[in-house]
Amino acid sequence: MQQRHAWCDGTDRTATQLPSLPLEPRAPLEVIADAFADASPALIAERELLSRIDTKYVVPVTTLGELLADLGHAYAAIRSGNTAWAAYQSTYFDTPDLQCFHDHRRGRRLRHKIRIRHYPARALSFLELKTKCNDLVTTKHRLALTLDQQHLAEPERAFLRARTGLLADVVGPVLHVDYRRLSLVGRALHERVTIDVDMDCTGQAGEKKSLGAIAIVEIKRAGLSTASPMAARLARTGYRECSISKYIAAVTRLRPDTAHNRLLPSLRALHRIG
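According to the numbering used here, the sequence shown is numbered sequentially starting from -8.
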């Protein structure tokens, strides 16, 4: 009987050439990624999904081999160089009283997440704004930056001001998160799946915390009516959706005295695994 988990309470390969490969549980991360064909540039562009519905899950890293086994028929991997596990570096911006964090914590229907994200393997940097304007739909806007830019100058604040109003003038850097990500795109379905591991956060004073041996799995799709092989696999193995993100988790790790009662079910899942 399959064990169930309920962590959350409340080298040329193309997508048509590489077959799905069976994987053993607890397989090394690179071996897990090798089971997926390379996503073509055209397929990646088709699956950009800047307006989408996101669902997140927290799982132990050690279960990724089991969760991703035999899904090569459904997804292809985005690779940077010779690896599918790309390094990401994000600096998150918020107000001095953490308005963006608390808007999420309180479940406000309109809320924003602001970050500068660096993609070292691709030598790219972007200012990224994610806006959630109801309980489901997330819209992402981004602005190309000078490589490794860490600050918001007037052009960046103008970009934010046009989309967030006065919030743009009062946000500043709050924390940094470094991690590795496996990005999968649906071969037939209009869907993306990202899996983040090795997440380490650093506060503005230099304090450091690890988010532990967890993976945050996020499914991004045009609508919930779309049948998702990854969502079905997670459901069969007993994992439930969590209202958590790297920024929210990092704030609660670096600033444990910050109010977060409404987030406790998801945070307990994270702490139990990590």
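Yeah, the Cβ is synthetic: ideal placement off N, Cα and C, and Gly gets one too. If you're wondering where the values come from, they're calculated on a predicted model, not measured in any experiment.
Cα-Cα separation, residue i to residue j
| i | j | result |
| --- | --- | --- |
| Arg152 | Val176 | 32 Å |
| Asp139 | Asp191 | 18 Å |
| Ile210 | Arg97 | 23 Å |
| Arg178 | Tyr48 | 22 Å |
| Val128 | Ile44 | 5 Å |
| Val50 | Ala75 | 19 Å |
| Lys199 | Glu57 | 31 Å |
| Arg17 | Glu147 | Any reading at Arg17 needs caution, since the residue's pLDDT is 40, under 50, leaving its predicted position unreliable; the model's value is listed next. C-alpha separation (whole angstroms): 43 Å. |
| Thr193 | Tyr66 | 33 Å |
| Gly229 | Thr137 | 43 Å |
| Glu21 | Met221 | 19 Å |
| Ala223 | Thr53 | 19 Å |
| Asn73 | Ala112 | 10 Å |
| His109 | His132 | 15 Å |
| Leu202 | Ala33 | 34 Å |
| Ala226 | Glu145 | 45 Å |
| Val168 | Gly197 | 12 Å |
| Leu268 | Ile239 | Given that the chain is displayed from residue -8 to residue 265, the structure contains no residue 268 and the question cannot be resolved. |
| Pro19 | Phe27 | 14 Å |
| Thr46 | Ala149 | 30 Å |
| Ile35 | Asp25 | 18 Å |
For residue j and residue i, believed in contact at Cβ under 8 Å, the rounded distance
| i | j | result |
| --- | --- | --- |
| Ala68 | Ser174 | 7 Å |
| Lys237 | Ile207 | 7 Å |
| Leu143 | Phe84 | 7 Å |
| Leu166 | Gln195 | 7 Å |
| Ile287 | Leu55 | Residue 287 lies beyond the stretch modelled for the chain, which goes from -8 to 265, so this question has no answer here. |
| Ala114 | Arg172 | Not confirmed; about 16 Å, so no contact. |
| Thr130 | Ser42 | 5 Å |
Continuous alpha helix (DSSP H) stretch holding residue i: start and end
| i | result |
| --- | --- |
| Phe79 | According to the sequence provided, residue 79 is Tyr. The question's Phe does not apply to it. Per DSSP, Tyr79 belongs to no alpha helix (DSSP H); it is in the beta strand (DSSP E), 76 to 85. |
| Lys120 | A small fix is needed here, since residue 120 is Leu in this sequence, not Lys. Careful: Leu120 lies outside any alpha helix (DSSP H), inside the beta strand (DSSP E) at 115 to 123. |
| Arg224 | 220 to 227 |
| Arg154 | 145 to 155 |
Contact set for residue i: own chain, Cβ-Cβ below 6 Å, skip 5 residues either direction
| i | result |
| --- | --- |
| Asp94 | Arg102 |
| Arg246 | none |
| Tyr170 | Tyr79, Asp187, Asp189, Met190 |
| Arg70 | Asp29 |
| Arg183 | Arg38, Leu40, Val176, Lys211 |
| Thr185 | Arg172, Ser174, Glu209 |
7 Å CB neighbourhood of residue i in its chain, flanking five on each side removed
| i | result |
| --- | --- |
| Val161 | Thr86 |
| Asp248 | none |
| Asn125 | Arg100 |
| Ala135 | Phe117 |
Close beta carbons around residue i, own chain, < 8 Å, minus the five adjacent residues each side
| i | result |
| --- | --- |
| His181 | Glu37, Arg38, Leu40, Arg212, Ala213, Thr217 |
| Thr155 | His103, Ile105, Leu120, Thr122 |
| Gln141 | Thr82, Ile107, Pro164 |
Assigned secondary structure, residue i (DSSP; H/G/I helix, E/B strand, else coil)
| i | result |
| --- | --- |
| Thr130 | strand |
| Val52 | helix |
| Tyr238 | helix |
| Asp187 | strand |
| His95 | helix |
| Ile232 | With the sequence shown as reference, residue 232 is identified as Glu, and Ile is not the correct amino acid for it. Glu232 falls in the coil class under three-state DSSP. |
| Arg244 | helix |
| Arg17 | Confidence at Arg17 is low in this model, with a pLDDT of 40, below 50, so its placement is unreliable and no value can be given for it. |
| Thr249 | coil |
| Asp274 | Within the shown structure, residues of the chain are numbered from -8 to 265, placing residue 274 beyond reach of any answer. |
| Glu209 | strand |
Span of the beta strand (DSSP E), counted from its first residue to its last, around residue i
| i | result |
| --- | --- |
| Phe27 | Where Phe27 is concerned, there is no enclosing beta strand (DSSP E), given that its DSSP letter is neither H nor E. |
| Tyr66 | 66 to 68 |
| Arg102 | 102 to 110 |
| Glu198 | Glu198 -> no beta strand (DSSP E), and no H or E assigned at all. |
| Ser174 | 163 to 177 |
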